[in-house]
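In the working numbering, the protein residues as written are 1 to 229.
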Amino acid sequence: MGSKPGRIVAALLILLLLTGFFYFNPRRSLDDAESIIESTLKRGKKINSYHFLLEMAFNQGDETREHFAQVWYRYPHFFRVELFPYCPEENSKPDQVIISDGEKMWLSSPEMGDFFPLDAGVQELAPTPFLLNNFLDGLANSRERKFLGIEKKEKHSYYLLRVVPQDSRRDHAYEEVWLEKRTMLPVQILVYDQQDKLKQRVLFRKTILNAHIPDEFFQIDNKGGTVKQ
């Protein structure tokens, strides 16, 4: 079993890659990136809570690591992230749990029974709890955005965008984003490096908007070290 600092770094690296989402129900087909982004920024503000399941793959040389994340968020700054090495079922136990209770961020490994706060320095490395806002801010502040076209499938059609983030790096040079045309929900995000090699893939397996999430879901049990649900 790894040390606490090691577990913190591993959990935060995954959390840093999590992406929010938005909702937009267009009355007409859009054909340029600026119109799509302008509309999503307006509509995204109407989402007060959400729950989604992410499937994530990270390419590191010849190795590909896969993870799954259950994410719950409630406005303005409550969130809960559960990380799994496989697609979770109803009674699956996560490897890591990260919670923001509105004041602090907490990290837990339920199987070990420990639960401890992340100090201020570590929290600065993590994204803000407003995961949806992170995604929308990324679109709004992107250095470049390009509409690549519409991809049609048997049951759905998707807007495809290429986005160059404001703080693009060698290993995160640009993103390709698939948005379901009817709802404008992202269904896939691909991240490429400067050599056009695929580095990350994020699939949105489940999305529930404006869900009722009780206070207890973002609280911890300091006595027993278990997460309240």
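Glycine residues also receive a C-beta, built at the ideal position from the N, C-alpha and C atoms.
task: List the DSSP bridge partners of MET184.
output: For MET184, DSSP assigns no beta-bridge partner whatsoever.
message: Please report the straight-line C-alpha distance between ARG74 and PHE135, rounded to a whole angstrom.
response: 15 Å
task: Would you mind stating whether PHE218 and ILE36 have Cβ atoms separated by less than 8 Å?
output: no
- prompt: In three-state terms, what does DSSP make of ALA211?
  reply: coil
task: Starting from the C-beta of TYR50, find all residues in its chain whose C-beta is less than 6 Å away, skip the five residues before and the five after it, and write them out in chain order.
output: TYR73, LEU209
message: Quick check: the Cα distance between ASN48 and ASP114, rounded to an integer number of angstroms?
response: 31 Å
message: Less than 8 Å between the beta carbons of ARG145 and LEU131, yes or no?
response: no
- request: Compute the distance between the beta-carbons of LEU54 and ARG205, then report whether it is under 8 Å.
  value: yes
query: In angstroms, rounded to a whole number, what distance separates the CA positions of VAL163 and LEU203?
result: 17 Å
message: My output table needs one value for ILE99: the three-state DSSP class, helix, strand or coil.
response: strand
message: So, for GLU34: in the same chain, excluding its five sequence neighbours on each side, which residues have a beta-carbon less than 8 Å away from its beta-carbon?
response: ARG145
- prompt: My guess is that ILE99 and ILE220 are in contact by the Cβ rule of under 8 Å, so how many angstroms apart are they, rounded?
  reply: 6 Å
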